[in-house]
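Structure first, then comments.
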Amino acid sequence: MGAGITQVVAQSGMPVTLIDRDSEILKRSISRIENQLSRAVDRNRMTRDEADVALSVIDTDTSIDAASEVNLVIEAVPEQFELKANIFRQLDGICGSTTILASNTSSISVTRLGSQTNRPELVVGLHFFNPVPRMELVEVVVGGRSGDVVVDTVQEFARSLGKTPILVQDFPGFVSNRVLIPMINEAIFCYHESVAGVEEIDTVMKLGMNHPMGPLELADMIGLDVCLDILEVLHSELGDPKYRACPLLKQMVAGGKLGQKSGEGFYSYED
Ligand SMILES: NC(=O)c1ccc[n+]([C@@H]2O[C@H](COP(=O)([O-])OP(=O)(O)OC[C@H]3O[C@@H](n4cnc5c(N)ncnc54)[C@H](O)[C@@H]3O)[C@@H](O)[C@H]2O)c1
């Protein structure tokens, strides 16, 4: 998600730094962005010059200190509260007093993340969708203490990227994942209980409900670990057993079957 967000910000002409603790991931991310931009040039969606300008405004770094002089930080580390909380505490210490701290979290409370800082009024959710360059929606999550001016500013930022911001309040899963992830979990239960095979379940949802992708295919694209993390947040925060993760999902994640990113999930991606 970090690479996708970096790409759309760069395409809008704004300088952007992609930070990851792993330098190999940074290298892979940049080459993925280069490939995506080259494909866009081949398909006449942008000129070679525009692609070169976008690449030229991207910087990379392995240290969080690279965020110390920016106006806006968008955190996109894995969906675990303690990990994100730690990043927010560090950012609060190193960033200027007016820097907006946004999270791309799919389900974690933005209000709780804001409480890790001394600037809760400058903390919001900016929830992009995967793949970021193609998906038009950004859920703007209004935390319990997010300031009105900050909420307006990040909506304007999202529009400047060509996205459509929709305001949602800070409840677990917001709107998108409160609806989507239980549907994916139910599809996994259907497979687990042998109601139908993987392709059959996906085909039912594509041909019967007009979904562009089946839920199991989509789960592989999101990452099965991410789906499980979100379900666990919904389950623990809302306390309703209907959000209980399917045991098969837990077993697949424990076994390293994470979907597209690991090469295997409900489908195989060896190529
Ligand atoms: N995958 C999706 O479809 C999707 C969609 C919308 C939102 N999100 C949200 O975006 C966030 C990231 O998801 P993802 O799928 O990109 O996860 P990912 O696991 O693919 O990427 C997370 C990256 O964070 C890096 N990282 C971990 N700890 C770090 C640290 N301390 N400092 C710097 N970098 C660190 C990892 O090296 C990794 O490259 C999560 O909150 C997720 O819920 C994901």
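The sequence shown begins at 46 in the numbering used here and counts up by one.
Backbone N, C-alpha and C define an ideal beta-carbon position, used for all residues, glycine too.
In the DSSP assignment, the alpha helix (DSSP H) including residue i goes from what residue to what residue?
i: Leu276; result: 269 to 283
i: Glu127; result: 126 to 139
i: Asp87; result: 68 to 87
i: Thr341; result: No answer is possible for residue 341: the residues shown for the chain start at 46 and end at 316.
i: Phe174; result: Per DSSP, Phe174 belongs to no alpha helix (DSSP H) and is neither H nor E.
i: Glu309; result: Here Glu309 belongs to no alpha helix (DSSP H), and DSSP marks it neither H nor E.
i: Ile229; result: 221 to 237
i: Leu167; result: Careful: Leu167 lies outside any alpha helix (DSSP H) and carries neither H nor E.
i: Ile246; result: 243 to 248
Looking at residue j and residue i, is the spacing between their C-beta atoms short of 8 Å?
i: Ile275; j: Gly188; result: no
i: Val169; j: Val183; result: no
i: Leu158; j: Ser151; result: no
i: Leu63; j: Ile103; result: yes
i: Leu171; j: Ile119; result: yes
i: Ala232; j: Leu261; result: yes
i: Gly25; j: Asp65; result: As displayed, the chain neither begins before 46 nor continues past 316, which places residue 25 out of reach and without an answer.
i: Val98; j: Gly58; result: yes
i: Ala112; j: Ile153; result: no
i: Glu181; j: Thr209; result: yes
i: Ile246; j: Gly259; result: yes
i: Val213; j: Val220; result: yes
i: Pro227; j: Tyr312; result: no
i: Val271; j: Glu124; result: yes
i: Asp137; j: Arg164; result: yes
At a threshold of 7 Å, does residue i count as lining ligand 1 (C-beta to nearest heavy atom)?
i: Ser151; result: yes
i: Asn230; result: no
i: His172; result: yes
i: Arg66; result: yes
i: Glu328; result: The first residue shown for the chain is 46 and the last is 316, placing residue 328 beyond what the model contains.
i: Gly268; result: yes
i: Lys306; result: yes
i: Val271; result: yes
i: Pro123; result: yes
i: Asp82; result: According to the sequence as given, residue 82 is Leu; it is not Asp. Flag unset: Cβ of Leu82 not near ligand 1.
i: Ile70; result: yes
i: Ile132; result: yes
i: Leu128; result: yes
i: Met46; result: yes
i: Asn255; result: no
i: Asn175; result: yes
Since residue i contacts residue j with CB under 8 Å, what's their CB separation in whole angstroms?
i: Ile145; j: Leu167; result: 5 Å
i: Cys291; j: Phe202; result: In fact, because the Cβ distance is near 37 Å, the residues do not count as touching under 8 Å.
i: Val397; j: Arg77; result: What is shown of the chain runs 46 to 316, which leaves residue 397 out entirely.
i: Gly301; j: Ala264; result: Contact flag wrong, Cβ pair sits at about 15 Å.
i: Gln161; j: Arg190; result: About 12 Å separates the two Cβ atoms, so there is no contact after all.
i: Asp215; j: Val186; result: 6 Å
i: Leu269; j: Gly304; result: 5 Å
i: Tyr236; j: Leu273; result: About 15 Å; that fails the 8 Å criterion.
i: Pro178; j: Val53; result: 6 Å
i: Leu100; j: Glu79; result: 7 Å
Does any CB atom of chain D fall closer than 8 Å to the CB of residue i?
i: Asp94; result: The structure shown contains no chain D; it holds only a single protein chain.
Can you tell me where the beta strand (DSSP E) holding residue i begins and where it ends?
i: Ala147; result: 145 to 148
i: Gly253; result: Careful: Gly253 lies outside any beta strand (DSSP E) and carries neither H nor E.
i: Gly49; result: Where Gly49 is concerned, there is no enclosing beta strand (DSSP E), although the alpha helix (DSSP H) it sits in stretches over 47 to 56.
i: Thr107; result: Run containing Thr107: none; DSSP gives neither H nor E here.
i: Pro292; result: It is not in any beta strand (DSSP E) - Pro292 instead sits in the alpha helix (DSSP H) that spans 292 to 299.
i: Ile119; result: 117 to 120
i: Thr10; result: Nothing can be reported for residue 10, as the shown portion of the chain is limited to 46 through 316.
i: Glu184; result: 182 to 187
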